[in-house]
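The structure appears below as structure tokens.
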Amino acid sequence: MDATKKWTWKDTVVLFILPVELTVGALLNVLGLTKNQLLATVLVFLIFFTGFLTAVILKRDLLAEDFRKYKQHFFKNFGLSILGAIIFGGIILGGRGLFQTNQAFSQIDFTASASLSTVVPIAISGIIPLMAPFVEETVFRYELFYRWKDTKWVKIAMLIVSSVLFGLAHYNNYSSVPILMLPMMLAGAALAGLYYWRGNIWISLFAHFIYNAAFSFFPTILLIFIQLAGGK
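Residue numbers (the working numbering): 26 to 257.
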């Protein structure tokens, strides 16, 4: 492990962000709070927003230090982030094609008419994926991989562990079918490799952010416009 960055209580808390989010999300379903779409979406947003704030606040030193370095060669680094997003997306979409799935848009209803009860949940749902990279990159790419970069065999083991856990963390996205999570595991390994190569968390974080924006946020905005236009 990097001797200059000793393990602290903050690292432990960050590791528990995702398990807590998943557990609370499951409890919402058990308690029947997901029956109301608007209420469920707001509650899920609050859960993810709390996780986002926790990760950013507790890892602010890491994020601030790496962002300062990122800005020094901004266009080069942002170009690498775009390349990372393309590779990340290519692996995921290639895997979906291999397993003949279309998870990205299978649940989108472009024919629904616009109303407060439909537009608000859709808008909120589009924002949530933009917060996810901050938590997932600090957890899977930093805490569970990059911290161990100076320990040869542990580093390799943690690359596998972090990538597998990254894929499993998205089980809800793939109907809880393990084999469908393999592309996400490989994509996570690709982001870890990018982080290891450049030594800056913002390169992998922005790559993840760009992918989520392209395949979640912008389609959501498009859907809202379509529903608003259809409701006139």
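We treat Cβ as the ideally placed atom computed from N, Cα and C, and that holds for glycine. Every value quoted in this text rests on a predicted model; they were computed, and no experiment measured them.
Review point. So, are the CB atoms of residue 46 and residue 72 less than 7 angstroms apart?
Key: Cβ atoms of residue 46 and residue 72: closer than 7 angstroms.
Review point. Is the beta carbon of residue 232 sitting closer than 7 angstroms to the one on residue 76?
Key: no
Review point. Taking Cβ positions, are residue 39 and residue 168 nearer each other than 7 angstroms?
Key: yes
Check your understanding: Terminal residues of the continuous alpha helix (DSSP H) containing residue 75?
Key -> That run of the alpha helix (DSSP H) goes 62-83.
Review point. How many Å lie between residue 2 and residue 241 at the Cα?
Key: Any property of residue 2 remains undetermined from this structure, which presents the chain solely from 26 to 257.
**Study point:** Status (buried if at least 16 other CB within 10 Å, exposed otherwise) for residue 247
**Key:** exposed
**Study point:** Member of 153, 186, 106 whose CA lies at the smallest distance from the CA of residue 263
**Key:** Given a span of 26 to 257 for the chain in the structure shown, any question on residue 263 remains unanswerable.
Review point. Is the stretch 192-201 in contact with the stretch 109-120, if contact means three or more CB pairs nearer than 8 angstroms?
Key: no
Exercise for review: Indicate the three-state DSSP secondary structure (helix, strand or coil) for residue 253 in the structure shown.
Suggested key: DSSP places residue 253 in helix when its eight states are reduced to three.
Point to revise | residue 6 versus residue 213: straight-line alpha-carbon distance, rounded | key: Any answer about residue 6 is impossible in this case: the structure gives the chain only from 26 up to 257.
Exercise for review: Can you tell me which of the three DSSP states residue 59 falls into?
Suggested key: Coil at residue 59, not helix or strand.
Check your understanding: Nearest CA to the CA of residue 155: which residue from 236, 121, 183?
Key -> Answer by Cα proximity: 236.
Practice item. Determine the burial state of residue 208: buried for a count of at least 16 other Cβ atoms within 10 Å of its Cβ, exposed for fewer. Key: buried
Review point. Less than 7 angstroms separating the beta-carbons of residue 124 and residue 205?
Key: Yes.
Check your understanding: For residue 84, does the count of other Cβ atoms within 10 angstroms reach 16, so buried, or fall short, so exposed?
Key -> buried
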